[in-house]
Amino acid sequence: NMTLPPSPDVRGFLPDNEGHHLYQLALEGAALGPLLEIGSYCGRSTLWLGEAARQHRTVVFALDHHRGSEEHQPGEMFHDTSLINDAGLVDTLHEFRRNIRQAELEEHVIALVGSTQQVGQHWLGIDFGLVFIDGGHSLDAALTDWRYFGQRIKPGGFLVIHDVFPDPTKGGQAPYTVWRMAIASGLYEQHSQCESLRALRRIA
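Heads up, the sequence shown is in our numbering, so the first residue is 4 and it goes up one at a time.
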């Protein structure tokens with residue numbers, strides 16, 4: 004069994020307090036069905052979700068093209084030279100798989116390697132107990148995540164969005180826009196938040 008929180012050498016942008024909150028939501032959501040994570044990077048948040056899935060004998064679908072978001076590209080703020088492959092491209096898949104394997108969660112994590120649109124337009128699968136949106140933070144990327152997967156949640160399940168900052172001086176506005184759209188849809192009620200992590204519960 005893995006230990007939570009993940010060790011500090013698992014790269015990612017989810018602080019332990021937000022991770023713990025996500026884990027508690029995932030424990031409840033995993034009782035309803037599988038989990039979906041949009042934006043896995045090197046798997047830090049996936050480990051929290053994967054442990055919850057393990058306890059309910061279900062899975063996390065971890066969706067990421069593993070080419071990094073806008074801010075991970077060369078010359079950008081979160082660029083990491085150790086994640087560049089032979090072709091000179093950002094490639095986080097190797098590191099992601101290693102972290103999942105070391106946590107002994109391979110049975111409970113299914114990597115979907117592609118874009119939200121690629122996977123979303125062909126997704127014929129079931130709805131989820133929890134969807135965690137933490138992918139690209141451009142408005143286009145965030146809206147695509149919402150359009151394809153923001154409503155594929157079972158009643159009582161959770162939509163969880165990371166990096167929700169109502170104040171534009173604190174962070175990008177795309178996740179906040181998706182959060183507002185979810186509330187406006189009438190499908191969700193506000194449930195809880197931990198710093199920039201916000202959870203909505205599917206009503207019906």
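The beta carbon of each residue, even a glycine, is placed where N, CA and C say it ideally should be.
Note that the coordinates shown come from a computational prediction; the quantities given were computed from them, not determined experimentally.
Let me check understanding here. Comparing Cα to Cα, which of the options lies closest to residue i?
i: Glu21; options: Pro37, Trp51, Arg57 and Leu190; result: Trp51
i: Ala185; options: Pro169, Gly174, Glu107 and Gln154; result: Gln154
i: Ser199; options: Asp12, Ser10 and Leu17; result: Leu17
i: Glu111; options: Gly42, Glu54, Ser72 and Asn102; result: In the sequence as displayed, the identity of residue 111 is His instead of Glu. Ranking the options by Cα distance to His111, first place goes to Glu54.
i: Glu40; options: Val93, Gln27, Tyr179 and Val62; result: Val62
i: Leu127; options: Ala145, Phe135 and Tyr151; result: Tyr151
i: Pro178; options: Ser188, Arg201, Glu31 and Gly123; result: Arg201
i: Gln176; options: His140, His194, Leu25 and Ile156; result: His140
i: Val3; options: Leu38, Ala106 and Pro11; result: The question about residue 3 has no answer, for the chain in this structure spans 4 to 207.
Go through its chain and collect everything with a Cβ distance to residue i's Cβ below 6 angstroms, but skip five positions before and after it.
i: Ala114; result: Ala65
i: Ala207; result: Pro158
i: Ser195; result: Ala202
i: Ala34; result: His59
What separation, rounded to the nearest whole angstrom, lies between the Cα atoms of residue i and residue j?
i: Tyr133; j: Pro9; result: The amino acid at residue 133 is misidentified as Tyr; the sequence shows Leu. Cα to Cα, the separation comes out at about 20 angstroms.
i: Glu192; j: Asp137; result: 20 angstroms
i: His69; j: Leu92; result: 10 angstroms
i: Gln121; j: Asp89; result: 25 angstroms
i: Asp19; j: Thr49; result: 13 angstroms
Should residue i be labelled buried (16 or more other beta-carbon atoms within 10 Å of its own) or exposed?
i: Asp166; result: buried
i: Thr3; result: This structure cannot settle anything about residue 3, because the visible part of the chain is limited to 4 through 207.
Can you list, in chain order, the residues of its chain whose CB lies under 8 angstroms from that of residue i, leaving out five sequence neighbours each side?
i: Val116; result: Asp67, His68, His69 and Leu96
Any chance you could list the beta strand (DSSP E) runs of at least 3 consecutive residues sitting entirely within the segment 115-186, in chain order?
-> 131-136 and 156-164
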